[in-house]
Structures are given as structure tokens and as C-alpha cells.
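> Okay, here's the structure, questions in a sec.
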């Protein structure tokens with residue numbers, strides 16, 4: 014039952030993170046939390062596991078099932094941070110990051126910046142199996158996008174850009190994002206801040222948030238989505254309880270532009286999350 | 014269920030307590046004067062290697078002979094504190110360093126009569142940067 018609780022929490026957190034927020038690199042989110050000031054592209058990896066509690070509002074219909082505008086949800090989640098690299102190939106999984114899972118190849122390393130070819134699934138599917146709120150709607154599939162990720166380190170600042178295209182034959186859309194992160198140290202606390210913007214082409218928003226004539230109903234009237242922007246702001250703090258345990262917390266807000274709000278599948282122009290966790294570092 | 018979750022949280026929160034009150038003590042045995050220096054705690058943990066680690070540390074010292082003593086951080090000319098005609102003393106100071114440091118108890122002749130190490134540890138090691146730039150496998 015406990016595992017179910019965690020699994021549900023993680024699953025909901027994933028849905029929320031993946032579907033509505035701008036893509037944010039696990040790399041960037043992870044690096045800024047650790048207070049690093051350069052790329053880590055060495056062979057090998059690390060693994061962390063912990064438990065966390067999140068309180069959030071989600072502007073997307075059906076996430077979770079029965080979700081209403083401004084409704085606050087509280088869930089436990091399994092906090093996993095893991096990265097493994099062998100030569101140029103790497104895989105990353107950061108459950109508190111906005112990007113969750115990324116795989117790719119790191120093919121350039123400067124002193125302060127790196128270039129990666131990455132692949133990820135930034136948009137989760139929407140179907141009746143996921144939520145009864147989607148009953149009567151056509152199934153939206155998970156996608157898989159690939160492209161370039163550039164990360165630059167300037168002292169305590171990290172800048173990251175993504176340029177991704179759909180390679181899963183799901184929507185053929187394009188996604189571009191730019192994020193700026195910074196960390197500060199106050200005694201043994203590492204405080205971080207992230208701001209970012211993500212552009213989604215019309216193909217993506219149309220696939221997930223338009224309502225076709227064939228699926229239109231009184232509840233979900235016909236709607237044609239256009240390309241849209243989303244913005245994220247986050248502040249958080251990390252504290253080493255000892256050499257193996259780390260406490261983390263964050264507050265995150267995502268704003269959608271007004272055009273996205275017009276979709277019957279969007280309830281609000283923003284979502285928010287507060288999360289805390291304690292993780293064991295192997 | 015709620016009790017189970019509560020139990021896990023309590024267990025997680027208690028784990029770090031084990032190391033928080035470790036002490037470090039060294040007694041100088043070669044000196045005719047027997048003296049000891051204790052640090053509580055004797056370990057400071059930073060998040061990332063290379064960060065300055067901050068820790069409020071209590072220093073306690075004692076000596077078998079009355080005298081003038083000073084506590085120094087290694088490689089620092091200025092003492093952290095001095096005592097006159099004493100056999101023991103305590104001091105609380107703010108440790109801040111990116112690496113482990115020795116603290117030393119010196120007598121009036123500037124001889125080290127006892128020392129103890131303040132260990133700096135971290136959760137994440139420093140990144141390894143590659144010299145090569147372009148690469149494919």
C-alpha cells in the first residue's frame with residue numbers, strides 16, 4: 014500500500030511535470046542543486062533514492078482524475094536521482110527535475126560548456142486509461158523528441174538551451190527552451206533559482222490540447238490550439254544532513270500564455286508545486 | 014499506514030544525529046605535560062566538494078600543568094583564543110574551511126602540546142573535467 018502511494022504520487026508528479034511544464038534539463042536542475050560550476054562528463058555514475066512530499070495545483074484537466082481549477086493535491090513520491098555515463102553515452106533520471114529522464118551522447122566539452130545530443134519523452138499521453146476525464150476524447154500518445162542540448166557554466170550561473178524535434182511520429186512538432194539557473198551558498202545550505210521559457214510549436218499544442226470535430230462534445234467543444242509559450246520559475250534549497258543524506262525543498266510555478274488557456278483541456282493559466290524530500294546518496 | 018509513514022520519517026530524521034556529535038580528541042604523549050584537545054563536533058559536511066563548510070565547534074582543552082595556552086588553527090599566525098594561568102578552557106568558534114584543518118593547543122613556548130583535526134567531508138565530489146573536446150564514443 015505504501016508503495017502504491019509512492020507510485021501514485023510519482024506517477025502524478027511525472028504527469029504534471031511532463032505534460033504542462035517547460036522542459037528543464039535534469040542536468041541543469043541537478044547541477045544547480047549541487048552547487049556545481051562545471052560540466053561533469055566523466056565515466057561512471059551515481060544513484061540517490063529517497064522519499065518526498067509534494068503539494069501542487071495542476072492546470073491540466075484529468076491530472077489527477079477529477080482535477081478542478083485551483084484544487085490543491087498532496088502526494089508522497091519516490092525521489093530518485095541517477096546518472097550514468099560511459100564514454101559519450103549517458104542516461105539521467107531526476108524525479109524532481111522538470112525533464113525527468115534524458116538519454117543522449119555528450120560530444121563536445123569546452124572548459125565551461127558542453128554539447129549533448131539528447132532524447133526524451135517530454136509529453137505524456139492522455140487517454141481514458143489514464144483518467145476518466147478523457148472519456149470520449151481521442152487518445153493522445155506519449156511522444157519522443159530528440160535534438161541538441163547546450164549547457165554553459167559561468168561561475169554560479171548555468172544556462173541551458175534545448176532544440177528538439179519529434180522523432181516518434183506523434184505530432185512532428187518542435188520545442189525550444191532556454192533556462193537560466195543560479196546557486197548561492199548560505200552556510201551549508203545551497204539555495205538555487207531557475208527561470209526559463211519554452212516554446213512549443215503548433216503541432217505539439219494542437220496534438221495535445223486541440224479538440225477535433227470528431228471528439229467535440231458539450232464538455233469539450235471544438236478548439237484549435239496554436240503555438241504557445243510556457244514560463245517557469247523555481248527556488249529551492251538543499252542541505253547535507255550528513256555525507257549520505259540530503260534534504261531538499263523547492264517551490265515551482267509555471268505560467269502558460271493566455272492562448273493555451275483557451276483550450277477546454279486547460280483549467281488555469283498556472284500551476285504551482287511545493288516539494289520536500291530526504292534522499293540517500295549511494 | 015499513517016504510523017508507518019511517520020515511523021519512516023522519524024527514522025530518516027534521526028540518522029544524521031549519529032555523526033553530529035562525534036568528537037575528536039588528541040593527547041600529546043611525547044610532551045612531559047599531558048594535555049588534550051577536544052572538538053565537538055569534529056566533522057563538518059558540505060554539499061559539494063570545494064564549498065566552504067561552516068560549523069559551530071566547541072573546543073575543550075585541559076592540561077596537567079598550569080600555564081598560558083593558546084588554541085591555533087594550523088597555518089594561522091593569530092590564535093583563536095588564549096588563556097592565562099589555566100589548566101583547562103573551552104571556546105566556541107565558527108569553523109569555515111573547504112578542507113580538513115588541524116587545531117593546535119600551544120603553550121607559552123609555542124610548543125604544540127595537543128592537537129585535533131576538524132574533518133571536512135561532502136556529499137558530492139568535484140566534477141571531473143575532460144581535457145578532450147570533440148568526441149564520439
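Protein chains in written order, with the numbering used here: chain R, 14 to 295; chain F, 14 to 150. Glycine included, every Cβ here is placed at the ideal spot set by N, Cα and C.
Secondary structure at residue 158 of chain R, three-state DSSP: helix, strand or coil?
Residue mapping note: residue 158 of chain R aligns to position 145 of the first chain, counting from 1. Reduced to three states, the DSSP call for residue 158 of chain R is strand.
> Helix, strand or coil for residue 263 of chain R? Go by DSSP, reduced to three states.
Against the first chain, residue 263 of chain R aligns to sequence position 250. Residue 263 of chain R falls in the strand class under three-state DSSP.
> What residue range does the beta strand (DSSP E) around residue 183 of chain R cover?
As a position in the first chain, residue 183 of chain R is number 170, starting the count at 1. Premise fails: residue 183 of chain R is in no beta strand (DSSP E) and is neither H nor E.
> Can you say whether residue 295 of chain R is buried or exposed, counting buried as having 16 or more other CB atoms within 10 angstroms of its CB?
Position 282 of the first chain, counted from the first residue, corresponds to residue 295 of chain R. The residue is exposed, with fewer than 16 neighbouring Cβ atoms inside 10 Å.
> When you compare each of R/264, R/286 and R/256 to residue 293 of chain R by their alpha carbons, which one comes out closest?
The count along the first chain starts at 1 and reaches residue 293 of chain R at position 280. When each option's Cα is compared against that of residue 293 of chain R, the closest is R/256.
> Taking 9 Å as the threshold (C-beta atoms), are residue 197 of chain R and residue 169 of chain R in contact?
Sequence index remark: in the first chain, residue 169 of chain R carries index 156 (1-based). Sequence index remark: in the first chain, residue 197 of chain R carries index 184 (1-based). Cβ distance < 9 Å, so residue 169 of chain R and residue 197 of chain R count as in contact.
> Is the stretch 184-199 of chain R touching the stretch 119-126 of chain R in the sense that three or more CB pairs, one from each, lie closer than 8 Å?
As far as the Cβ criterion goes, the stretch 119-126 of chain R does not touch the stretch 184-199 of chain R, which means the pair count is below three.
> Please confirm whether residue 213 of chain R and residue 241 of chain R have their CB atoms less than 9 Å apart.
Reading the first chain from its first residue, position 200 is the one you call residue 213 of chain R. Reading the first chain from its first residue, position 228 is the one you call residue 241 of chain R. Against a cut-off of 9 Å, the Cβ pair of residue 241 of chain R and residue 213 of chain R comes out as a contact.
> So with Cβ pairs under 9 Å, would you call residue 71 of chain F a contact of chain R?
Looking up residue 71 of chain F in the second chain gives position 58. No, because no Cβ of chain R sits closer than 9 Å to the Cβ of residue 71 of chain F.
> Is there at least one Cβ from chain F nearer than 9 Å to residue 252 of chain R's Cβ?
Residue mapping note: residue 252 of chain R aligns to position 239 of the first chain, counting from 1. Taking Cβ atoms only, chain F reaches closer than 9 Å to residue 252 of chain R, which makes this a yes.
> Answer with yes or no whether the minimum CB distance from residue 83 of chain F to chain R is below 9 Å.
Counted from its first residue, the second chain places residue 83 of chain F at position 70. Output row for residue 83 of chain F: interface = no.
> Between residue 2 of chain F and chain R, is the shortest Cβ-Cβ distance under 9 Å, so that the two count as touching?
The requested residue 2 of chain F is not part of the displayed model; chain F covers only 14 to 150.
> Along the chain, where does the alpha helix (DSSP H) that runs through residue 242 of chain R open and close?
Residue numbering aside, residue 242 of chain R sits at position 229 when the first chain is read from its first letter. Residue 242 of chain R -> not in any alpha helix (DSSP H); beta strand (DSSP E) instead, spanning 241-253.
> Tell me, please, whether the CB atom of residue 239 of chain R is closer than 9 Å to any CB atom in chain F?
Within the first chain, numbered from 1, the residue matching residue 239 of chain R stands at position 226. With 9 Å as the cut-off, residue 239 of chain R does not count as an interface residue toward chain F.
> Does any C-beta atom of chain R lie closer than 9 Å to the C-beta of residue 66 of chain F?
Within the second chain, residue 66 of chain F is the residue found at index 53, counting from 1. Yes, contact with chain R.
> Identify every run of the beta strand (DSSP E) within the stretch 42-103 of chain R, keeping only runs that are complete inside it and at least 3 residues long; order them along the chain.
Fully enclosed beta strand (DSSP E) runs of 3 or longer: 57-70 and 86-99.
> Which residues of chain R have a Cβ atom closer than 8 Å to the Cβ of residue 59 of chain F, listed in chain order?
Within the second chain, the letter at position 46 stands for residue 59 of chain F. 201 and 253, listed in chain order.
> Can you list, in chain order, the residues of its chain with a C-beta nearer than 8 Å to that of residue 112 of chain F? Leave out the 5 residues immediately preceding and following it.
Sequence index remark: in the second chain, residue 112 of chain F carries index 99 (1-based). So the qualifying residues of the chain are 133.
> Check whether the stretch 223-232 of chain R touches the stretch 205-212 of chain R, counting contact only when three or more Cβ pairs, one atom from each stretch, lie closer than 8 Å.
No, because fewer than three Cβ pairs between the stretch 223-232 of chain R and the stretch 205-212 of chain R fall closer than 8 Å, the two stretches do not touch.
> Does any residue of chain C have a CB that is nearer than 9 Å to the CB of residue 82 of chain R?
In summary, chain C is missing from the structure at hand, where the protein chains are R and F.
> Taking C-beta to C-beta, are residue 79 of chain F and residue 92 of chain F nearer than 9 Å?
Walking along the second chain from the start, residue 79 of chain F turns up at place 66. Walking along the second chain from the start, residue 92 of chain F turns up at place 79. Their beta carbons are not under 9 Å apart, which means residue 79 of chain F does not touch residue 92 of chain F by this criterion.
> Taking all protein chains shown into account, do 16 or more other C-beta atoms lie within 10 angstroms of the C-beta of residue 57 of chain R, making it buried, or fewer, making it exposed?
As a first step, residue 57 of chain R must be located in the first chain, where it is residue number 44. So residue 57 of chain R counts as exposed.
> With a threshold of 8 Å on Cβ separation, who are the neighbours of residue 273 of chain R within its own chain once the five nearest residues in sequence on each side are excluded?
As a first step, residue 273 of chain R must be located in the first chain, where it is residue number 260. If we look at residue 273 of chain R and ignore the five residues flanking it on each side, its Cβ neighbours are 218, 222, 238, 241, 243, 279 and 282.
> Secondary structure at residue 222 of chain R, three-state DSSP: helix, strand or coil?
Locating residue 222 of chain R in the first chain gives position 209, where the first residue counts as 1. Here residue 222 of chain R sits in helix by DSSP.
> Hey, could you find the ends of the beta strand (DSSP E) residue 127 of chain R is sitting in?
To locate residue 127 of chain R, count along the first chain from 1; it is residue 114. Looking at the DSSP string, the run of the beta strand (DSSP E) that includes residue 127 of chain R is 126-133.
> Do the stretch 102-115 of chain R and the stretch 127-139 of chain R make contact, defined as three or more Cβ pairs closer than 8 Å?
With the cut-off at 8 Å, the stretch 102-115 of chain R and the stretch 127-139 of chain R touch.
> By how many angstroms is the C-alpha of residue 129 of chain R removed from the C-alpha of residue 2 of chain R?
Given a span of 14 to 295 for chain R in the structure shown, any question on residue 2 of chain R remains unanswerable.
> What residues from chain F crowd round residue 256 of chain R, counting only those whose CB sits closer than 9 Å?
Stepping through the first chain from its first residue, residue 256 of chain R is reached at position 243. What residue 256 of chain R touches in chain F: 32, 56, 58, 134, 135 and 136.
> Of all the CB atoms in chain F, is at least one closer than 9 Å to the CB of residue 59 of chain R?
Translated into the one-based positions of the first chain, residue 59 of chain R becomes position 46. Judged by the 9 Å Cβ criterion, residue 59 of chain R is in contact with chain F.
> How far does the alpha helix (DSSP H) with residue 273 of chain R in it reach, from first residue to last?
The sequence position of residue 273 of chain R within the first chain is 260, counting from 1. 271-274 is the extent of the alpha helix (DSSP H) around residue 273 of chain R.
> Could you name the residues of the stretch 202-232 of chain R whose beta carbon sits closer than 7 Å to any beta carbon of chain F, in the order they occur along the chain?
Residues passing the 7 Å Cβ filter: 203.
> Would you say residue 198 of chain R lies against chain F (beta-carbon separation less than 9 Å)?
Here the question's residue 198 of chain R lines up with position 185 in the first chain. At least one chain F Cβ lies under 9 Å of residue 198 of chain R.
> Please state the DSSP three-state secondary structure of residue 145 of chain R.
Within the first chain, numbered from 1, the residue matching residue 145 of chain R stands at position 132. Note: residue 145 of chain R maps to helix in three-state DSSP.
> Ends of the beta strand (DSSP E) at residue 139 of chain R?
Taking the first residue of the first chain as position 1, residue 139 of chain R is located at position 126. Where residue 139 of chain R is concerned, there is no enclosing beta strand (DSSP E), given that its DSSP letter is neither H nor E.
> Counting only beta-carbon separations shorter than 9 Å, does residue 294 of chain R have a partner in chain F?
Here residue 294 of chain R refers to the residue found at position 281 when the first chain is read from its first residue. With 9 Å as the cut-off, residue 294 of chain R counts as an interface residue toward chain F.
> I'd like to know whether the C-beta of residue 259 of chain R is nearer than 9 Å to at least one C-beta of chain F.
By one-based count along the first chain, residue 259 of chain R stands at place 246. It does: the Cβ of residue 259 of chain R has a partner Cβ on chain F nearer than 9 Å.
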